[in-house]
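**Q** Numbering (this note's numbering), first residue to last: 29 to 276.
The beta-carbon is built from N, C-alpha and C at its ideal position, and this holds for glycine as well.
1) For residue 213 and residue 177, which I take to be in contact (beta-carbon distance under 8 Å), what is that distance rounded to the nearest angstrom?
2) Can the beta-carbon of residue 70 be found closer than 7 Å to that of residue 106?
3) Report, in whole angstroms, the separation of the C-beta atoms of residue 37 and residue 89, which I expect to be a contact under 8 Å.
4) Between the segment 198 to 205 and the segment 136 to 149, are three or more C-beta pairs nearer than 8 Å?
5) Verify whether the separation of the beta carbon atoms of residue 157 and residue 217 is less than 7 Å.
6) Could you please give the first and the last residue of the uninterrupted beta strand (DSSP E) stretch that includes residue 191?
7) If you check the beta carbons only, do residue 189 and residue 138 fall under 7 Å apart?
8) Classify residue 141 as buried or exposed, calling it buried when 16 or more other Cβ atoms lie within 10 Å of its own Cβ.
9) With a cut-off of 7 Å, does the C-beta of residue 84 fall near any C-beta of chain D?
10) Do you know how far the Cα of residue 111 is from the Cα of residue 2?
11) Is the distance from the Cβ of residue 116 to the Cβ of residue 270 below 7 Å?
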């Protein structure tokens with residue numbers, strides 16, 4: 029099928045896409061804690077930045093008359109990838125002309141399934157890497173001795189709305205009434221973007237910190253299809269679930 033459309037029809041057909049672009053720009057400014065008045069230059073990257081509607085909404089939101097023209101939008105992504113490759117390879121510029129220090133942040137929140145079937149973030153979105161954060165959880169059943177830790181990445185409120193990164197099981201939780209054992213889930217992302225998840229159990233009143241009982245290099249076990257999460261849910265249900273521990 030071949031059809032010629034004018035700009036008005038093109039923009040109408042892609043109205044929702046442009047609205048999504050607008051919301052992403054606004055969200056980006058909000059996440060970066062940057063006021064529009066503080067924006068001096070706007071650099072657009074990628075072939076889609078040549079679309080007049082895209083360029084117009086960017087300049088409108090950022091309140092600038094025109095975008096920065098010192099970089100070819102088609103070459104910007106390639107240059108960025110080359111810089112990242114140089115950093116990862118440990119390349120040193122012999123002439124000292126390049127500053128190869130880059131600051132990376134988590135594009136999405138990383139957390140576990142808890143509080144029913146909710147996604148509970150441990151490392152929030154836009155956290156500068158390397159990063160290490162932990163959160164306390166507890167059991168939902170009396171004498172619960174095992175817990176299933178399902179690690180997700182995303183921004184959805186429900187676990188299944190996010191991408192399953194991996195999972196592991198904690199065993200040997202001391203038998204106690206529900207809500208008594210403290211389970212510390214710690215997530216660590218190093219400079220090489222490797223995520224490690226550690227979990228430890230400590231009873232209230234203990235002066236010793238929770239000792240990690242397991243360390244996992246998170247694989248991409250799901251490939252975005254959800255089959256693994258569904259299988260785990262059918263197998264275990266809520267028998268090994270956790271809830272966020274609320275401190276008084």
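**A** Reading it off the structure:
1) 7 Å
2) no
3) Not really, about 24 Å apart at Cβ, beyond 8 Å.
4) no
5) yes
6) 191 to 199
7) no
8) buried
9) Any reference to chain D falls outside this structure, which holds one protein chain only.
10) The requested residue 2 does not occur in the structure, where the chain is confined to residues 29 to 276.
11) no
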